[in-house]
Amino acid sequence: MLATIVDTEALLKTIVAAFIAGVGVTLIFSLAILGASRFVDLSRDGRSAGAIAFGALAVVALVAVLVVVAVGIIVMTRK
Amino acid sequence: MQNDVVLVIVVATALAFDFTNGFHDTANVVATSISTRAMPPRLAVGYAAALNFAGAFISLAVAATVAQDVVNAGAITPTVVFAGLIGAISWNLITWYFGLPSSSSHALIGGVVGAAFAAAGPSAVLGAGIVGKVLIPAVIAPIVAFIVGAIAIVVCYRVVGRVRPGHAGRGYRLGQVVSGGLLALAHGTNDAQKTMGVITLALIANGNLAADSAPPTWVIVTAASAIAAGTYFGGWRIIRTVGTRIIKMDPAQGFSASGAGAAVILASSHFGFPLSTTQVISGGVMGAGAAKRVSAVRWGVAGNIVVAWLLTMPAAAMIGAVTYGITRIFGTGAAGPIVVAAAGLAMVAAAFTKRVRVGSPVPAP
Numbered sequence: 453m454l455a456t457i458v459d460t461e462a463l464l465k466t467i468v469a470a471f472i473a474g475v476g477v478t479l480i481f482s483l484a485i486l487g488a489s490r491f492v493d494l495s496r497d498g499r500s501a502g503a504i505a506f507g508a509l510a511v512v513a514l515v516a517v518l519v520v521v522a523v524g525i526i527v528m529t530r531k
Numbered sequence: 008m009q010n011d012v013v014l015v016i017v018v019a020t021a022l023a024f025d026f027t028n029g030f031h032d033t034a035n036v037v038a039t040s041i042s043t044r045a046m047p048p049r050l051a052v053g054y055a056a057a058l059n060f061a062g063a064f065i066s067l068a069v070a071a072t073v074a075q076d077v078v079n080a081g082a083i084t085p086t087v088v089f090a091g092l093i094g095a096i097s098w099n100l101i102t103w104y105f106g107l108p109s110s111s112s113h114a115l116i117g118g119v120v121g122a123a124f125a126a127a128g129p130s131a132v133l134g135a136g137i138v139g140k141v142l143i144p145a146v147i148a149p150i151v152a153f154i155v156g157a158i159a160i161v162v163c164y165r166v167v168g169r170v171r172p173g174h175a176g177r178g179y180r181l182g183q184v185v186s187g188g189l190l191a192l193a194h195g196t197n198d199a200q201k202t203m204g205v206i207t208l209a210l211i212a213n214g215n216l217a218a219d220s221a222p223p224t225w226v227i228v229t230a231a232s233a234i235a236a237g238t239y240f241g242g243w244r245i246i247r248t249v250g251t252r253i254i255k256m257d258p259a260q261g262f263s264a265s266g267a268g269a270a271v272i273l274a275s276s277h278f279g280f281p282l283s284t285t286q287v288i289s290g291g292v293m294g295a296g297a298a299k300r301v302s303a304v305r306w307g308v309a310g311n312i313v314v315a316w317l318l319t320m321p322a323a324a325m326i327g328a329v330t331y332g333i334t335r336i337f338g339t340g341a342a343g344p345i346v347v348a349a350a351g352l353a354m355v356a357a358a359f360t361k362r363v364r365v366g367s368p369v370p371a372p
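Residue numbers (the numbering used here), protein chains in the order written: chain A, 453 to 531; chain R, 8 to 372.
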């Protein structure tokens, strides 16, 4: 009865999208903070190889966050 | 001509409702950003108002749900929509007066359903649409926001656990500029669309639009402007009380809570579910708080939210139905809505004056 009333597919997609966006963006942004922080610390210690690696992590993660946010808004506007 | 007078009253009432919605919800939208000092209060409120305005333009799925899936548009008249709006506004004012947390969205849908029921009987109410598109998502969404907020904060602490606190704090404050902005965008998207849906319903009922029509551009622009103005002016009241009424959170919690709220509201808006943004944001805040320390959450407030959730739709529906009955005493023309609108304005002025004399209401979470 309830299954015929509720659009289960849309509801499940909503839940999955909310989990992926909410937790995924948090994870990626946290990696950006980790990368940026380690980059600063390692640069100060003169460990340039490690600093470059963490700096790259920070940049890639930050770009990924911006891409996810932009894609999310574009998807919203297309319906 | 008489119908056009009623339509003008309906549009003005709907926009007034939209303004109060923004005014009332400013606290929810900017609380996390101000609490963690991610943004100064003035900037946070202006930023939220601008993104509320922009959010109203990014989707129309919720407006379509309100206009087509809640009540049978063929059985609706502008007077029914007016009575529904009065039901919603009255319930919002009653709960504001007594300091109860309530959902403007549920009040709006409840009011319209009650007035439609009184006007045309059970056939005017689309039960399946209400259960499937309003009630079930209303239960699920705050729970999802709670879980997403809780998992997100655990992820934050795991990843940045050994990062210098200063770096992490600065990083998450910066992140909150984005997540808080998305929350304001999400709020504008979901809440402004409810007003668009109601005005569209009135335009269809008055014969100005064909059934299944999308909201005209002027409806979108005015609804967006009303909610943004409400958010902006509501903010100054919040700024004065900030620091005493807002939950204390660290930047990571603020980032997680606003991110969880934004993710749930935006995803729901995409699929046309009209949610209570207040309850979803509260869910995200409680999740981010509970994952760190269960006792940090004011569980009494959570209980009040549940009670308000149970009461809001039936109470607004009842007021909407009674209001429709009162307007019919004056016939089917414009006299009924004019008398009720005038009486309503007088009561609002009286309640506001008394409330101001007694003191500020208890803040909604």
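Just so it is clear, CB atoms sit at the ideal spot from N, CA and C, and this is done for glycine as well. All values reported here derive from a predicted model rather than from experimental measurement.
Self-check item: Whole-number beta carbon distance between Thr196(R) and Leu273(R), since they are thought to touch under 8 angstroms
Solution: Here residue 273(R) corresponds to residue number 266 of the second sequence, with the count starting at 1. Here residue 196(R) corresponds to residue number 189 of the second sequence, with the count starting at 1. Confirmed, Cβ separation roughly 7 angstroms.
Quiz prompt | Opening and closing residue of the alpha helix (DSSP H) in which Ala199(R) lies | solution = Within the second sequence, numbered from 1, the residue matching residue 199(R) stands at position 192. Counting along the chain, the alpha helix (DSSP H) containing Ala199(R) begins and ends at Pro172 to Ala212.
Quiz item: Which residues does DSSP pair with Val78(R) in a beta bridge?
Solution: The count along the second sequence starts at 1 and reaches residue 78(R) at position 71. Answer is Val132(R), bridged to Val78(R).
Quiz prompt | Lys361(R) - DSSP class collapsed to helix/strand/coil | solution = If you number the second sequence from 1, residue 361(R) lands on position 354. Of the three classes helix, strand and coil, the one that applies to Lys361(R) here is helix, per DSSP.
Quiz item: If you run the structure through DSSP and keep just helix, strand and coil, what is Leu216(R)?
Solution: Stepping through the second sequence from its first residue, residue 216(R) is reached at position 209. Coil.
Quiz prompt | Proximity test, Cβ basis, 9 angstroms: Gly94(R) and chain A | solution = Walking along the second sequence from the start, residue 94(R) turns up at place 87. Not an interface residue.
Self-check item: Within 9 angstroms, strictly: CB atoms of Val88(R) and Ala19(R)
Solution: Within the second sequence, the letter at position 81 stands for residue 88(R). Within the second sequence, the letter at position 12 stands for residue 19(R). No, they are not a contact pair.
Quiz item: Any idea if Phe24(R) is buried or exposed, counting beta-carbon neighbours within 10 angstroms, 16 or more meaning buried?
Solution: Stepping through the second sequence from its first residue, residue 24(R) is reached at position 17. So Phe24(R) counts as buried.
Quiz item: Any beta-carbon of chain A closer than 9 angstroms to the one on Ile318(R)?
Solution: One-based indexing of the second sequence puts residue 318(R) at position 311. What sits at residue 318(R) in the sequence shown is Leu, not Ile. No, Leu318(R) does not count as interfacial toward chain A.
Practice problem: Specify, as a first and last residue, the run of the alpha helix (DSSP H) that Lys299(R) falls within. | Solution: Locating residue 299(R) in the second sequence gives position 292, where the first residue counts as 1. Per DSSP, Lys299(R) belongs to the alpha helix (DSSP H) from Thr284 to Lys299.
Self-check item: Rounded straight-line distance, which links the Cα of Val314(R) to that of Ile525(A)
Solution: By 1-based counting over the first sequence, the position of residue 525(A) is 73. By 1-based counting over the second sequence, the position of residue 314(R) is 307. Approximately 34 angstroms between the Cα atoms of the pair.
Quiz item: If you draw a straight line from the alpha carbon of Ser130(R) to that of Ser186(R), how long is it in whole angstroms?
Solution: For the purposes of this step, residue 130(R) is taken as the residue at position 123 of the second sequence. For the purposes of this step, residue 186(R) is taken as the residue at position 179 of the second sequence. So the alpha carbons of these two residues sit roughly 43 angstroms apart.
Quiz item: If we cut at 9 angstroms on Cβ distances, does His174(R) have a partner in chain A?
Solution: Stepping through the second sequence from its first residue, residue 174(R) is reached at position 167. Taking Cβ atoms only, chain A reaches closer than 9 angstroms to His174(R), which makes this a yes.
Quiz item: Using the beta-carbon of each residue, which ones in chain A are nearer than 8 angstroms to Phe240(R)?
Solution: Walking along the second sequence from the start, residue 240(R) turns up at place 233. Those within 8 angstroms of Phe240(R) in chain A number zero; the least Cβ separation is about 26 angstroms.
Quiz item: Between the region 468-483 of chain A and chain R, which residues of the former have a C-beta closer than 7 angstroms to a C-beta of the latter?
Solution: Ala469, Ala470, Phe471, Ala473, Gly474, Val475, Val477, Thr478, Leu479, Phe481, Ser482 and Leu483
Quiz prompt | Burial state of Pro149(R) (16 or more Cβ within 10 Å) | solution = By 1-based counting over the second sequence, the position of residue 149(R) is 142. Buried.
Exercise. Report the option in Leu208(R), Ala95(R) and Pro172(R) whose CA atom is closest to the CA atom of Thr376(R).
Key: What the structure shows of chain R is the stretch from 8 to 372, and residue 376(R) is not part of that stretch, so it cannot be assessed.
Quiz item: Does DSSP put Val161(R) in a helix, a strand or coil?
Solution: Position 154 of the second sequence holds residue 161(R). Helix at Val161(R).
Quiz prompt | Proximity below 9 angstroms, CB of Thr238(R) to CB of Ala191(R) | solution = Taking the second sequence and counting its residues from 1, the one referred to as residue 238(R) is at position 231. Taking the second sequence and counting its residues from 1, the one referred to as residue 191(R) is at position 184. The answer is yes: Cβ separation under 9 angstroms.
Self-check item: Cα-Cα separation between Gly5(R) and Ala74(R), rounded to whole angstroms
Solution: The structure shown does not extend to residue 5(R), since chain R is modelled only from 8 through 372, so no value can be given for it.
Quiz item: Using a C-beta cutoff of 9 angstroms, does Ser186(R) count as contacting chain A?
Solution: In the second sequence, counting from the first residue as 1, residue 186(R) sits at position 179. At least one chain A Cβ lies under 9 angstroms of Ser186(R).
Quiz prompt | Leu479(A) - containing alpha helix (DSSP H), residue span | solution = Start at 1 with the first residue of the first sequence, and residue 479(A) comes out as number 27. Thr460 to Arg496 is the span of the alpha helix (DSSP H), which, as asked, contains Leu479(A).
Exercise. Identify, in the order they occur along the chain, each residue of the same chain with its Cβ nearer than 8 angstroms to the Cβ of Lys140(R), setting aside the five sequence neighbours on each side.
Key: The residue labelled residue 140(R) in the question sits at position 133 within the second sequence. Taken in chain order, the residues that qualify are Thr72, Asp76, Val77, Gly279, Phe280 and Pro281.
Self-check item: CB contact check: Leu463(A) to chain R, cutoff 9 angstroms
Solution: Here residue 463(A) refers to the residue found at position 11 of the first sequence. Chain R, which has a Cβ nearer than 9 angstroms to the Cβ of Leu463(A), makes this yes.
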